[in-house]
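Using my numbering, read the sequence shown as starting at 2 and increasing by one per residue.
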Amino acid sequence: MEHKIPGEAPKVVGSPATAVDGKLGLTSVRQTTLSFGKISSNTRGTKRDKKQKILDHDQLKASSAATKHRPDSKIVTSLDDPNRVDAPEDDDNHLGGRTIEPVLLEVSKPFWVDESSKKKGVRCAASASCGTIWASWPQNKPRVLKHASACGLLATYNGRELVTKVLHIHAQSNPELLEQLRTTMGIEPRSTTSSSQTEARNNLVEPQKPLPLKRQQTVVMTAAPAQPSSTPSAIDIDSKVLLELEEKRRYQTEGQKDLARKANDALIALVVCCGVPPHVTGTEEFRAYSNVLNARYQVPSRTHLEDTLIPVYASNVRMAVADYLSQCFFLTISCDGGKLVKRKFTSVHITTPHHQSFCMELDDAGGLSQTRENMSALMTKWISAIGPERFCVIVSDDAAYARKGQELTIKKYP
């Protein structure tokens with residue numbers, strides 16, 4: 002049993018520490034802490050070896066902290082990637098069929114995965130900062146556009162021009178959805194856009210009437226030139242039947258498309274809003290359940306759902322929200338930092354005078370230092386996109402970098 006004497010420094014068993022004025026020295030505390038870790042488990046080493054290991058560990062930690070430098074902001078000024086060698090684009094010699102989307106060549110760049118074997122890959126145009134690549138060629142359009150629409154680094158290049166083009170491409174693939182969202186939010190419909198879209202759809206789905214056959218007149222004239230027949234000819238009957246079949250087929254096709262469009266929108270809302278994993282829609286049980294409800298509806302595959310349907314829906318929602326906010330006044334923008342498990346993020350919210358709050362962005366701030374430049378860049382991006390004249394208040398927390406970022410943003414719009 003140990004007896005403690007008041008005023009005497011405690012003794013640490015198994016430690017070479019020496020007491021200095023009744024307290025343990027800094028080196029002895031560090032050795033004492035590490036003596037219960039990996040160093041104490043190595044019984045073969047001497048005290049000198051243990052001390053050398055401690056010094057090596059401290060030097061390595063200090064050198065890594067000195068060499069690691071986090072950027073202040075994520076503003077992309079160049080689309081060049083110094084870590085990869087760009088490859089030339091393939092010549093588009095298609096005489097028919099689908100052509101390459103022009104915006105696809107702007108948001109992605111080919112590079113040499115292995116220049117000796119002439120193997121190409123695809124990288125994001127801002128891969129020097131985000132590091133996203135695809136080891137396949139040619140480009141996978143749905144996946145590339147999906148990443149480009151949500152790439153926060155690509156959105157900082159040239160005033161969100163590239164991301165805006167991607168959003169418009171997604172909106173064109175489902176124009177009815179955008180107009181439906183705008184109507185739901187109380188936004189005036191675009192008369193010119195809707196009329197042109199309606200006219201284009203009518204021109205696409207209108208059945209081609211069969212051309213009049215020249216032998217139709219010949220048959221009528223040679224069969225009974227003096228006595229006109231009261232019954233229709235076989236060619237007239239065939240033309241009428243073909244026209245009715247074409248109209249019936251068009252009705253069934255449009256009905257099938259309308260069913261798929263409505264069912265897909267409901268499925269997207271279920272997956273996104275309720276947190277259902279997308280792979281559930283590909284199971285046999287879910288397909289059997291959908292078949293019981295309506296056998297005519299074909300459940301989309303997981304790849305089509307994740308790479309096409311959900312990004313297109315999200316792009317339409319973002320455009321509708323931006324259109325709605327661009328018609329409001331006295332808006333409030335707020336920027337705050339947070340952490341989800343081990344990932345840091347910065348949220349940007351815009352609130353209307355009627356207390357409607359919209360989450361505009363959850364920016365990944367894992368590789369950034371918390372500086373006023375980063376905070377100001379996030380707020381400036383959305384203020385310029387909606388319109389500076391629409392905002393009246395900027396809100397942030399009481400952190401030093403947040404207050405300075407708020408002041409820096411206010412100076413940009415005097």
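Where is the CB? At the ideal position from N, CA and C, for every residue including glycine.
| Query | Result |
| --- | --- |
| Considering only their Cβ atoms, is the gap separating ASN317 from LEU146 smaller than 8 Å? | no |
| So, with DSSP's three-state summary, where would you put LEU154? | coil |
| How many Å lie between GLU436 and ILE384 at the Cα? | In the structure as shown, the chain begins at 2 and stops at 415. Residue 436 is therefore absent and cannot be evaluated. |
| Would you call the CB atoms of ILE188 and GLN407 closer than 8 Å? | no |
| Measuring alpha carbon to alpha carbon, tell me which residue in ARG124, LEU105, ASP92 is nearest PRO83. | ARG124 |
| In terms of alpha-carbon separation, which member of TYR402, LEU294, TRP138 lies closest to LYS120? | TRP138 |
| Rounded to the nearest angstrom, what separates ASP92 and ILE101 at their Cα positions? | 10 Å |
| Out of LEU379, PRO103, LEU155, which one is the CA nearest neighbour of ALA127? | LEU155 |
| So, GLU107 versus VAL86, is the Cβ gap smaller than 8 Å? | no |
| Where does LYS166 land, buried or exposed, given buried means 16+ other C-beta within 10 angstroms? | buried |
| For ALA149, count neighbouring Cβ atoms within 10 angstroms of its own Cβ and tell me buried if that reaches 16, exposed if not. | buried |
| Tell me, please, which residues DSSP counts as bridged to TRP138. | For TRP138, which the question treats as bridged, DSSP gives no partner whatsoever. |
| Given this structure, state the Cα-to-Cα distance separating ILE76 from THR333, to the nearest angstrom. | 23 Å |
| Helix, strand or coil for ASP92? Go by DSSP, reduced to three states. | coil |
| Which of the three DSSP states is assigned to HIS350 in this structure? | strand |
| Quick one: residues in its chain with C-beta nearer than 6 Å to the C-beta of SER358, no 5 flanking neighbours on either side, listed in chain order? | HIS350, THR352 |
| Does the distance from the C-beta atom of GLY153 to that of TRP135 stay below 8 Å? | no |
| Decide if GLN140 is buried, meaning its Cβ has at least 16 other Cβ atoms within 10 Å, or exposed. | buried |
| From ILE387 to PHE330, what does the alpha carbon distance come to, in whole angstroms? | 10 Å |
| Tell me whether ILE188 sits in a helix, a strand or coil according to DSSP, three-state version. | coil |
| If you compare alpha carbons, which of ARG303, LYS345, PHE112, VAL272 is closest to GLU285? | ARG303 |
| Alpha carbon to alpha carbon, how far is PHE287 from VAL164? Give it in angstroms, no decimals. | 35 Å |
| In whole angstroms, give me the CA-to-CA distance for ILE168 and ALA315. | Inspection of the sequence shows that residue 168 is occupied by Leu rather than by Ile. Looking at the two C-alpha atoms, the distance is approximately 9 Å. |
| So, under 8 Å CB-CB, VAL277 and ILE170 are touching, yes? Tell me the CB distance rounded to an integer number of Å. | That belief does not hold up - the Cβ atoms of VAL277 and ILE170 are roughly 27 Å apart, past 8 Å. |
| Can you list, in chain order, the stretches of the alpha helix (DSSP H) that have 4 or more residues and sit fully within the segment 277-314? | 285-294 |
| Measure the CB-CB distance between ARG262 and LEU326 and report whether it falls below 8 Å. | no |
| I'd like to confirm the pairing. Which residues does DSSP put opposite SER79 in its beta bridges? | SER79 pairs with nothing; no bridge assigned. |
| With CYS360 as the anchor, note down where its beta strand (DSSP E) starts and where it stops. | 358-365 |
| Give the range of the alpha helix (DSSP H) segment to which SER377 is assigned. | 373-387 |
| Taking the alpha-carbon positions, what's the ALA403 to ALA323 distance? | 25 Å |
| Going by DSSP in three states, VAL394 sits in which element: helix, strand or coil? | strand |
| Would you kindly work out how many angstroms separate the C-alpha atoms of ASN265 and PHE346, rounded to a whole number? | 31 Å |
| Around the C-beta of LEU268, are 16 or more other C-beta atoms found within 10 angstroms, so that it is buried, or is it exposed? | buried |
| Using three-state DSSP, classify GLN218 as helix, strand or coil. | A caution first: GLN218 carries a pLDDT of 42, below 50, which makes its placement in the model unreliable, though a value can still be read off. Correct three-state label for GLN218: helix. |
| Out of MET320, THR372, LEU310, THR185, state which residue places its alpha-carbon closest to the alpha-carbon of PRO143. | LEU310 |
| Let me know if CYS131 comes out buried or exposed under the rule of 16 or more other beta-carbons within 10 Å of its beta-carbon. | buried |
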